[in-house]
Each structure stands twice: as structure tokens, then as C-alpha cells.
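Trainee: My structure is below; once you've seen it, I'll send some questions.
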Ligand SMILES: [Zn+2]
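In my numbering, the protein residues as written are 2 to 183.
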């Protein structure tokens, strides 16, 4: 599962890189590249921000996890492209399960962020609500949280229960063994 998500995330990063490369007005090679018309520049900048933050968040998290428990072999330099996901998996492979779940949850959150940025509305709906365990989550962009639409699922203040992406990602990663057992 972890490998699959890493592959999904890597494919997503590759897609973003291609999009961003296509945005460049002039060619790097001999022939001029056809200029692509992007009517939605703010969105592309959001994607660029996301690409940059994905890399830095993964490196930061990985380094923090390794601080007390460095790997037996020297840590290779983190790659610039989509290989960053595999890099973080490889250099934390010796860590206990719960530490690796921290790294997985960060990577998975970045995948969810990217799907939301690119308009994938199913990204959230395919996850169970961490409270009621129903497939009842809807993404609310205004508050940047998923809201549970089950009537009886609410917080201590009586509001519909709300979840940040990091909470959904954490729940997804940590509930995996239970799902396997079921
Ligand atoms: Zn719920």
C-alpha cells in the first residue's frame, strides 16, 4: 500500500512538473516550444507552491525522524524530482512502524492536497469519517476541512465533525492494519 501511494504521489509530481515546464514561454532547446495558454494562473502558482512544499515537508519530516535513529548507511542526498517519496521510504526503512507511519501520513497528506488542488472531488469521499467510520465526508474549501454529513456525527459543541487533511491522512495510515484484519 505504501509503495502504491508513493507511486501515485510520484506520478502526481511528475504531472505537475510537466505542467510547469509547459508554462515556460521559451524553449530551452533549438526549436521554440508552443506556448500553452493557461487561463488560470493562480491555480498553477498554487501547484508550484505545493510542489515545493511537498519536497521540503518530506525532507524536514524525514530528517526529524532520523535525528535520534540514523540509518546504518550514509543518507543519500534527497533527489529534486518525484524520487523524493522513494528516498524518504528508503532512508527510514530501519525505523519502527509507528515512526514510518508519521512519514507515510505526511506523504499521504501531500497526495490529498494535490488531488484537491487539481479538482479531484473524490479525493475525500473515498475516506471514512474518523469518528463515525462512514463514507460521509465532504470537502469544504472555505474552511479547508472535510465535514461529516451524518446527522448524528458531531463534535462536543454540536457542530458537524470536521477534519483537517492531516487528521484524515493520519487516520488512513494508522487504521490500515485494522482494515487488513477485517
Ligand atoms: Zn462522521
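Yeah, the Cβ is synthetic: ideal placement off N, Cα and C, and Gly gets one too.
(1) Residues near ligand 1, CB to any non-hydrogen atom under 6 Å, in chain order?
(2) Grab the span of the beta strand (DSSP E) containing residue 134 for me, first residue to last.
(3) Which first and last residues belong to the beta strand (DSSP E) in which residue 78 is found?
(4) Which partner residues of residue 149 appear in the DSSP bridge assignment?
(5) Could you tell me whether any non-hydrogen atom of ligand 3 is closer than 6 Å to the CB of residue 49?
(6) On the DSSP bridge list, what partners appear for residue 161?
(7) Would you check if the segment 60-68 and the segment 101-115 touch, i.e. whether three or more CB-CB distances between them fall below 8 Å?
(8) Measure the alpha-carbon distance for residue 1 versus residue 132 and round it to whole angstroms.
(9) What residue from 96, 115 and 56 has the CA that sits closest to residue 71's CA?
(10) Please report the Cβ distance between residue 83 and residue 14, rounded to the nearest whole angstrom; I am assuming they are in contact, meaning their Cβ atoms lie under 8 Å.
Mentor: Taking the structure as given:
(1) 130, 132, 133, 135, 137, 149, 151, 154 and 162
(2) Looking at the DSSP string, residue 134 is not in any beta strand (DSSP E), and its letter there is neither H nor E.
(3) Careful: residue 78 lies outside any beta strand (DSSP E) and carries neither H nor E.
(4) 138
(5) The model on display carries ligand 1 but not ligand 3.
(6) 155
(7) yes
(8) Residue 1 is absent from the model: the chain starts at 2 and stops at 183.
(9) 96
(10) 4 Å
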